[in-house]
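For reference, the structure is listed below as structure tokens.
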Amino acid sequence: MQGTFTYSNPTRLHFGPDSLNALSSELQQYGPTVLLSYGKQSIKRSGLYDKIITILQAAGKTIVEDPGVMPNPTVEKLAEGARLARENKVDLILAVGGGSVCDYAKGVSVAAYCTDDPWEKYYVRMEPVDNAIIPVGCVLTMAGTGSEMNGGSVITNHAAKRKIGRVFGDAVYPRFSILNPELTLTLPRYQMVAGCFDIMSHILEQYLSGTDDNTSDYLAEGLMRSLIHSSRIAARNPQDYEARSNIMWTATWALNTLIAKGKSTDWMVHMMGQSVGAFTDATHGMTLAAVTLPYFRHILPYGLPKFKRFATHVWGISPEGKTDEQTALEGLDALKAWMQEIGLVLSLRELGATPEMLDGIAEGTFLLRGGYKNNLTTAEVRQILEASM
Ligand code: NZQ
Ligand code: ZN
């Protein structure tokens, strides 16, 4: 372990088939008015909406309806939610849905009482939050982002062609999250596997960085092995509760700060994927899947020992009689085979990206430091995007 750090996570989790029972007691801790934020249709179709309304009414809450949160929530929707929350003086934002609804709820939480333009202040300039914050609670219906137990909030500004993720501090984390794997069983296959790749990508962004011996990397390897195993079962039989519950729990631990502790991280796959999202509005996990292999091939020479370790510790590839590079490349082949097996998109074209968009996507990609090719340039990002087409 390197460096000095503090670990804390304020989100209380309720996990399992009966976990919605915990909502009533959680609600008791807040005032009377609840902003009920949700997506387009899935929670009404599944019957979850009716259950939530019944619980809110039994708790004597005034419900302010906030439907229509879209995948990749927009800055316009954020402004609408902030106005609703402020005008109704809501005491709690209850996000019911996937990562988009949870991310949006955190955005509304900080934007409601912001006297400046919240997009500019909190997402572009990344200033500390200095206004009142409305507490957030989540009932999660899709596994992937980890938004249920982190401070992340990703908002898209289509006019500016920017999709920006902000990580807020403890005060903005959900106060509680309800994780019932049964609620994920109605997800379309495309969303389920996109979520699986989002989880894999979160782990890899934190694993493929640094050269020190670090407990976090062993945790990451365990999470990846569980995910690979369970995602294969879920891809064959999406209704397998055990597999879906393991995927949900892995998603939470993949991105709640634990496995980044004491080590450096990369996050360039996400930076590229988010810029692709700003131009195409494609499903987040699929944008990551399309750029991952070209990016890894590009940085492999700079991080060879870790890529070799990824091959041997995660995929069980024997290094005997092979060069380190051969072993590392076999690891990437195994990753690709798994991606194909579960049904991921492997090219940007399939997501609606066109060659004319690539310059803009490259320019919209934030260059972070910490990966094995530490001084990556916009020109290299352009090459990686080209190879991802
Ligand atoms: O709108 P509805 O009708 O609810 O449909 C949603 C949506 O169309 C549907 N869905 C969700 N749960 C369902 C369901 N359909 C049937 N049954 C269910 N149980 O799935 C679609 C996608 O939902 P969404 O919330 O957009 O997916 P996800 O959880 O992948 O969230 C993606 C967003 O999270 C951001 C992404 O950038 C993207 O904007 N991220 C947030 C992060 C964080 N907070 O730390 C990190 C991630 O890297 C990610 O960037
Ligand atoms: Zn992600």
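Residue 382 in the working numbering is what sits at position 382 of the sequence shown, and the numbering runs on without skipping anything. Positions of the beta carbon are idealized from the N, C-alpha and C atoms, including for glycine.
Contact check, residue i vs residue j, beta carbons under 7 Å
{"i": "Q252", "j": "S226", "result": "According to the sequence shown, residue 252 is Thr rather than Gln. Not in contact: T252 and S226 (Cβ atoms no closer than 7 Å)."}
{"i": "M407", "j": "R349", "result": "Look at the range of the chain in this structure, 1 to 389, and you will see that residue 407 is not part of it."}
{"i": "Y122", "j": "V110", "result": "yes"}
{"i": "S37", "j": "V69", "result": "yes"}
{"i": "K263", "j": "S230", "result": "no"}
{"i": "V291", "j": "M271", "result": "no"}
{"i": "Y173", "j": "T11", "result": "yes"}
{"i": "G152", "j": "I199", "result": "no"}
{"i": "V154", "j": "L94", "result": "no"}
{"i": "C114", "j": "N88", "result": "no"}
{"i": "L288", "j": "H202", "result": "no"}
{"i": "K336", "j": "L293", "result": "yes"}
{"i": "Q29", "j": "D212", "result": "no"}
{"i": "Q274", "j": "K373", "result": "no"}
{"i": "C102", "j": "S147", "result": "yes"}
{"i": "G371", "j": "M268", "result": "yes"}
{"i": "T280", "j": "L385", "result": "no"}
{"i": "M224", "j": "V96", "result": "no"}
{"i": "L304", "j": "D333", "result": "no"}
Residue closest to residue i, alpha-carbon to alpha-carbon, out of the options
{"i": "L408", "options": "I134, R309, Y241", "result": "The shown model of the chain, from 1 to 389, leaves out residue 408, and the question about it has no answer."}
{"i": "K306", "options": "W267, T354, Y207", "result": "Y207"}
{"i": "A59", "options": "L48, L23, N72", "result": "L23"}
{"i": "L78", "options": "Y104, Q57, R86, P128", "result": "Y104"}
{"i": "P391", "options": "E76, M142, L300, L204", "result": "No statement about residue 391 is possible, as the shown extent of the chain runs from 1 to 389 and does not include it."}
{"i": "A420", "options": "I317, Y218, G81", "result": "As displayed, the chain neither begins before 1 nor continues past 389, which places residue 420 out of reach and without an answer."}
{"i": "A282", "options": "E65, S8, M149, H158", "result": "H158"}
{"i": "R232", "options": "M192, D212, N256", "result": "M192"}
{"i": "C196", "options": "I247, D212, A220, L13", "result": "I247"}
{"i": "E242", "options": "G81, G16, N375", "result": "G16"}
{"i": "N72", "options": "A334, G98, V64, I55", "result": "G98"}
{"i": "P181", "options": "L20, E380, I228, A387", "result": "L20"}
{"i": "E205", "options": "Y295, I53, V276", "result": "Y295"}
{"i": "A387", "options": "L140, H298, D50", "result": "H298"}
{"i": "I55", "options": "K44, A82, E26, P67", "result": "E26"}
{"i": "Q150", "options": "T141, F168, M142", "result": "What sits at residue 150 in the sequence shown is Asn, not Gln. It is F168."}
{"i": "L179", "options": "P32, E65, S245, T4", "result": "S245"}
{"i": "L187", "options": "L223, K322, A234, D18", "result": "A234"}
{"i": "A328", "options": "R309, W338, M339", "result": "R309"}
{"i": "D18", "options": "E120, V64, K44, L183", "result": "L183"}
Contact belief for residue i with residue j at Cβ below 8 Å, rounded distance in angstroms
{"i": "R175", "j": "G137", "result": "6 Å"}
{"i": "T426", "j": "E363", "result": "As displayed, the chain neither begins before 1 nor continues past 389, which places residue 426 out of reach and without an answer."}
{"i": "R189", "j": "G39", "result": "With a Cβ gap of about 18 Å, R189 and G39 do not count as contacting."}
{"i": "A278", "j": "K106", "result": "Rounded, the Cβ-Cβ distance is 19 Å, inconsistent with contact."}
{"i": "R382", "j": "L346", "result": "So it is not a contact: roughly 19 Å between Cβ atoms."}
{"i": "S390", "j": "T257", "result": "No answer is possible for residue 390: the residues shown for the chain start at 1 and end at 389."}
{"i": "T141", "j": "L48", "result": "7 Å"}
{"i": "E341", "j": "A311", "result": "Actually they do not touch by this definition, with Cβ atoms about 17 Å apart."}
{"i": "G81", "j": "D66", "result": "6 Å"}
{"i": "H284", "j": "A353", "result": "Rounded, the Cβ-Cβ distance is 14 Å, inconsistent with contact."}
{"i": "P32", "j": "T62", "result": "5 Å"}
{"i": "V139", "j": "I53", "result": "About 12 Å separates the two Cβ atoms, so there is no contact after all."}
Where the alpha helix (DSSP H) through residue i begins and ends
{"i": "G285", "result": "284-299"}
{"i": "G343", "result": "Neither: G343 is in no alpha helix (DSSP H) and is coded neither H nor E."}
{"i": "S275", "result": "268-280"}
{"i": "V136", "result": "Segment 136-140 is the beta strand (DSSP E) holding V136; no alpha helix (DSSP H) there."}
{"i": "T156", "result": "No alpha helix (DSSP H) holds T156; the beta strand (DSSP E) holding it covers 152-157."}
{"i": "V69", "result": "Run containing V69: none; DSSP gives neither H nor E here."}
{"i": "F197", "result": "189-207"}
{"i": "N246", "result": "241-254"}
{"i": "A234", "result": "215-236"}
{"i": "L258", "result": "Neither: L258 is in no alpha helix (DSSP H) and is coded neither H nor E."}
{"i": "V381", "result": "378-387"}
{"i": "A85", "result": "75-87"}
{"i": "F307", "result": "304-309"}
{"i": "K373", "result": "Per DSSP, K373 belongs to no alpha helix (DSSP H) and is neither H nor E."}
{"i": "R45", "result": "42-46"}
{"i": "L351", "result": "Run containing L351: none; DSSP gives neither H nor E here."}
{"i": "S25", "result": "23-27"}
Residue span of the beta strand (DSSP E) that contains residue i, given as start and end
{"i": "K61", "result": "No beta strand (DSSP E) holds K61; DSSP gives it neither H nor E."}
{"i": "S37", "result": "33-38"}
{"i": "L94", "result": "92-97"}
{"i": "V167", "result": "162-167"}
{"i": "A15", "result": "Sequence check: residue 15 is Phe here, not Ala. 12-15 is the span of the beta strand (DSSP E), which, as asked, contains F15."}
{"i": "I361", "result": "Taken as a continuous stretch (DSSP letters only), I361 belongs to no beta strand (DSSP E), being part of the alpha helix (DSSP H) at 358-363."}
{"i": "I133", "result": "That residue, I133, is in no beta strand (DSSP E); it is neither H nor E in DSSP."}
{"i": "L179", "result": "176-179"}
Interface flag, residue i vs chain B, CB-CB below 7 Å
{"i": "L208", "result": "The structure shown contains no chain B; it is built from a single protein chain."}
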